Every structure is written in C-alpha cells, then in structure tokens.
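Participant: Residue numbers (the numbering used here): 956 to 1112.
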C-alpha cells in the first residue's frame, strides 16, 4: 500500500516500500508503546538506515508524535494504511477467494462487527482516510487494489 500511495503522490516508491516493510519489524519483541518503534529505531540506526525512514517508522506510534509529528506525506500515509492493511488481511482470511473480488463494501460490512478483528482500531482506520484526504471508501479501494497487486506474495491470492 505504501508503494501505491508513493506512486500516486510522485514520491520515492522504494523508500516508501521499505518503510511499509520495516515499520513493525520490532513488534513481536516490543509490542507496547513506547518501546515499539523506539527499540526498532535503535536497531535501524545501528545498521545505518536513513533517518527519513526511521522518522516515518517512529511517527506511526502515537507516543512519538511530539517528536515525530504526522507532518510529511510518508508519515501520514504509513499511519493511514497501517491498521487498514491489517484489517483487510483479516477480512481476506475469512473469504474463500481471499483478496480477489474484495470491495470496500465487503470491508465495511466487517468493520460494523465489533467482534471481528476486535484489536483493530476502527477509529484509526477512519482517521487514516482523513490523513490522506480521502473518503473511507476511496482509501479502502486504494489499499485493497495495492494488496491485490501483491496478493500472491502476501499469501492472499
């Protein structure tokens, strides 16, 4: 999804994809804020990763917004797609055809079920659409299309 939004906005697709791939690499070890993202940032700095990438990753954790505000497109988009990608993945897992034929309507239907993927913040999903300046259906459509492009790699074909 990050790469697709980078293409739409005329940004560096490779950098945005790297941010999308790395942003939660530390989550299994440090699932709670503020450790999540901060511990990962230390590891990335030790490996010489560009500060733009690290700043974007840090910005997707609300506990870091004072130091890493959502003031750049890459930061806004990462925050906007993070919860939605997870939710769309959950929807795909309960569909026989996975991502194939998925529409915003099918995602909305599941959003209305509080018990479905209950850990995913519906508020964050709605706020994400606002961050990218789109209505929720258009934002969902963009993310679904982006995920469909790599559905085999995601194991959701």
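Backbone N, C-alpha and C define an ideal beta-carbon position, used for all residues, glycine too.
The model shown is predicted, which means the values in this text are computed figures rather than measured ones.
What does the alpha-carbon distance come out to for the pair residue 997 and residue 1034?
Facilitator: As a working mapping, residue 997 is identified with position 42 in the chain shown. As a working mapping, residue 1034 is identified with position 79 in the chain shown. Roughly 20 Å separates the two Cα atoms.
Participant: Within 10 angstroms of the Cβ of residue 1070, are there 16 or more other Cβ atoms? Answer buried if so, exposed if not.
Facilitator: Against the chain shown, residue 1070 aligns to sequence position 115. So residue 1070 ends up on the exposed side.
Participant: Considering Cα atoms alone, identify which of 985, 1072, 1106 is closest to residue 1056.
Facilitator: Stepping through the chain shown from its first residue, residue 1056 is reached at position 101. When only C-alpha atoms are compared, the closest one is 1106.
Participant: Compare the beta carbon distance of residue 1009 and residue 1000 with 8 Å and say whether it is the shorter of the two.
Facilitator: The residue labelled residue 1009 in the question sits at position 54 within the chain shown. The residue labelled residue 1000 in the question sits at position 45 within the chain shown. In contact: residue 1009 and residue 1000 (Cβ atoms closer than 8 Å).
Participant: What would DSSP say about residue 971, mapped onto helix, strand or coil?
Facilitator: Stepping through the chain shown from its first residue, residue 971 is reached at position 16. Helix.
Participant: DSSP on residue 1075, reduced to helix/strand/coil?
Facilitator: Taking the first residue of the chain shown as position 1, residue 1075 is located at position 120. Coil, per DSSP.
Participant: Looking at the structure shown, is residue 1059 part of a helix, part of a strand, or coil, going by DSSP?
Facilitator: Sequence index remark: in the chain shown, residue 1059 carries index 104 (1-based). Of the three classes helix, strand and coil, the one that applies to residue 1059 here is helix, per DSSP.
Participant: Nearest-angstrom Cα distance between residue 1101 and residue 1037?
Facilitator: On the chain shown, position 146 is the one that residue 1101 refers to. On the chain shown, position 82 is the one that residue 1037 refers to. Spanning the two alpha carbons is a distance of roughly 13 Å.
Participant: Roughly how many angstroms lie between the CA atoms of residue 1028 and residue 1051, to the nearest whole one?
Facilitator: For the purposes of this step, residue 1028 is taken as the residue at position 73 of the chain shown. For the purposes of this step, residue 1051 is taken as the residue at position 96 of the chain shown. Each residue's alpha carbon lies about 35 Å from the other.
Participant: Label residue 1042 either buried or exposed according to how many other C-beta atoms from any shown protein chain fall within 10 Å of its C-beta, with 16 as the threshold for buried.
Facilitator: The residue you call residue 1042 lines up with position 87 of the chain shown. By the 10 Å Cβ count, residue 1042 comes out buried.
Participant: Just tell me which of 1076, 1075, 1068, 1063 has its CA closest to the CA of residue 1095.
Facilitator: Position 140 of the chain shown, counted from the first residue, corresponds to residue 1095. Nearest of 1076, 1075, 1068, 1063 to residue 1095, Cα basis: 1063.
Participant: What residues in its chain sit with their C-beta under 8 Å from that of residue 984, if we drop five residues either side in the sequence?
Facilitator: By one-based count along the chain shown, residue 984 stands at place 29. Hits under 8 Å: 994.
Participant: Report the residue from 982, 989, 1011 whose alpha carbon sits nearest the alpha carbon of residue 970.
Facilitator: Counting from one through the chain shown, the residue named residue 970 turns up at place 15. Nearest option by C-alpha distance: 1011.
Participant: Could you name the residues of the same chain whose beta carbon sits closer than 7 Å to that of residue 972, not counting the 5 residues immediately before and after it, in chain order?
Facilitator: Position 17 of the chain shown holds residue 972. Same-chain partners within the cutoff: 957, 958.
Participant: Tell me, to the nearest whole angstrom, how far the beta carbon of residue 1032 is from that of residue 960; I am working on the premise that it is less than 8 Å.
Facilitator: Taking the chain shown and counting its residues from 1, the one referred to as residue 1032 is at position 77. Taking the chain shown and counting its residues from 1, the one referred to as residue 960 is at position 5. Yes, they are in contact, since the Cβ atoms of residue 1032 and residue 960 sit about 5 Å apart, within 8 Å.
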